[in-house]
Amino acid sequence: MQAVLPRGKLIILDSSLVQSATLPNPCLALITSRHLCTSLSLSQIIRAAIAGGVNLVQLREKDLGTTELHRLAFEIREITLGRALFFINGERTLAKECQADGVHFPEQELIKHRNYTNPSTDFLIGQSVHSLSFAQTAEEHHVSYVQLGTIFPSKSKPSFAGSGTELIRSVSSTIKTPIIAVGGINISNVRAVSQSGATGIAVISAIMEAKDPQKAAYELREVLETPQKST
Numbered sequence: 107m108q109a110v111l112p113r114g115k116l117i118i119l120d121s122s123l124v125q126s127a128t129l130p131n132p133c134l135a136l137i138t139s140r141h142l143c144t145s146l147s148l149s150q151i152i153r154a155a156i157a158g159g160v161n162l163v164q165l166r167e168k169d170l171g172t173t174e175l176h177r178l179a180f181e182i183r184e185i186t187l188g189r190a191l192f193f194i195n196g197e198r199t200l201a202k203e204c205q206a207d208g209v210h211f212p213e214q215e216l217i218k219h220r221n222y223t224n225p226s227t228d229f230l231i232g233q234s235v236h237s238l239s240f241a242q243t244a245e246e247h248h249v250s251y252v253q254l255g256t257i258f259p260s261k262s263k264p265s266f267a268g269s270g271t272e273l274i275r276s277v278s279s280t281i282k283t284p285i286i287a288v289g290g291i292n293i294s295n296v297r298a299v300s301q302s303g304a305t306g307i308a309v310i311s312a313i314m315e316a317k318d319p320q321k322a323a324y325e326l327r328e329v330l331e332t333p334q335k336s337t
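Residue 108 in the working numbering sits at position 2 of the sequence shown, with consecutive numbering throughout.
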């Protein structure tokens, strides 16, 4: 199946990769924030992060206009295809157009988009949640994973104090849906997160602001892999 980039570049999208997509375990997700880019471009950071072990990229650029978001989505799809899963925040139509692997919804849209969470479809659905009750509701709607936070204080959500790893333990002992922990996670606390029952983590600044994004991703992935190797 083919898709045409807005700038006219043709890319070939292997639909079998999209249709057979499943959430990796462990999952190391990079949430984009182009405003954090300094010496490297967003595309360069994504490529480096994937080389280091990132296996899911989540496009989250809320202030971008439609045209630029569309262009960026196709660009990231090209980078991630066959290398990492690609999710787009909130834009289900765009996610379908560029053959992303899934779409990610904020907590407040859980009920609004309940009809999208059909377990028989090959399109993955991610859902942000901040409590056990919302995590249970998300599971009832058959989401592919819940993105649980805010675990630790973070720059992206400074008003949240952070719930700590106890929230992960509480949710993981109650639901079977995979849990991706998010919020202030870095190399100093990732082991505690991993050992609390999370399937993986989602990070922004830990990779986006790193001098060496590939190394930062590799170090995080190495810690995530450790519990898997010891079982």
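Note that the Cβ used here is the ideal one computed from N, Cα and C, for glycine as well.
| Query | Result |
| --- | --- |
| Are the Cβ atoms of Ala312 and Val299 separated by less than 8 Å? | no |
| Measuring alpha carbon to alpha carbon, tell me which of Met314, Gly196, Phe211 ends up nearest His176. | Gly196 |
| Can you tell me which of the three DSSP states Gln158 falls into? | Inspection of the sequence shows that residue 158 is occupied by Gly rather than by Gln. Helix, per DSSP. |
| Just reading off the alpha helix (DSSP H) that Gln205 is part of, what are its end residues? | Careful: Gln205 lies outside any alpha helix (DSSP H) and carries neither H nor E. |
| Within 10 Å of its beta-carbon, does Ala150 have 16 or more other beta-carbons around it, so buried, or fewer, so exposed? | Just to set this straight, residue 150 is Gln in the shown sequence, not Ala. Counting Cβ neighbours within 10 Å, Gln150 comes out exposed, since fewer than 16 surround it. |
| Is Ser104 helix, strand or coil by DSSP? | Only positions 107 to 337 of the chain appear in the structure, and residue 104 is not among them; the question remains open. |
| Evaluate Arg297 with the Cβ neighbour count: other Cβ atoms within 10 Å of its Cβ, from every protein chain shown; 16 or more gives buried, anything less gives exposed. | exposed |
| To the nearest angstrom, how far is it from the Cα of Gly255 to the Cα of Thr173? | 30 Å |
| Residues in its own chain within less than 6 Å of Pro319 by CB, not counting five upstream and five downstream? | Ile151, Ala154, Ala155, Ile313 |
| With a Cβ-Cβ cutoff of 8 Å, do Ala316 and Gly159 count as a contact? | no |
| In chain order, which alpha helix (DSSP H) runs of at least 4 residues are fully inside the region 143 to 197? | 148 to 158, 172 to 186 |
| From Leu134 to Val309, what distance separates their C-alpha atoms? | 8 Å |
| In whole angstroms, what separates the C-alpha of Thr144 from that of Ala179? | 20 Å |
| On the criterion of 16 or more Cβ atoms from any shown chain inside 10 Å, does Asp228 qualify as buried, or is it exposed? | exposed |
| Considering just the uninterrupted stretch of the alpha helix (DSSP H) at Leu273, what are its terminal residues? | 271 to 278 |
| Among Ile291, Ser279, Lys321, which residue has its Cα nearest to the Cα of Gly303? | Ser279 |
| Relative to the C-alpha of Leu136, which candidate in Thr199, Glu213, His236, Phe192 has its C-alpha closest? | Phe192 |
| Among Asn131, His247, Glu167, Leu129, whose alpha-carbon lies nearest the alpha-carbon of Ser139? | Glu167 |
| Under the three-state reduction of DSSP, which class applies to Gly114: helix, strand or coil? | Since pLDDT at Gly114 reaches only 34, below the 50 mark, its modelled position is unreliable, and the value read off the structure follows with that caveat. Here Gly114 sits in coil by DSSP. |
| Determine the closest residue to Ala339 out of Thr283, Leu273, Ala206, with distance taken between C-alpha atoms. | As displayed, the chain neither begins before 107 nor continues past 337, which places residue 339 out of reach and without an answer. |
| If we count the other Cβ atoms within 10 Å of its Cβ and call it buried at 16 or more, is Thr186 buried or exposed? | buried |
| Asn161: which of Gly290, Ala241, Asn131 sits nearest, CA to CA? | Asn131 |
| Using only alpha-carbon positions, find the residue among Asn292, Glu331, Ala201, Gln301 that is nearest to Arg275. | Gln301 |
| Judging by CA-CA distance, which residue of Arg183, Leu200, Lys261, Arg189 is the nearest neighbour of Gly171? | Leu200 |
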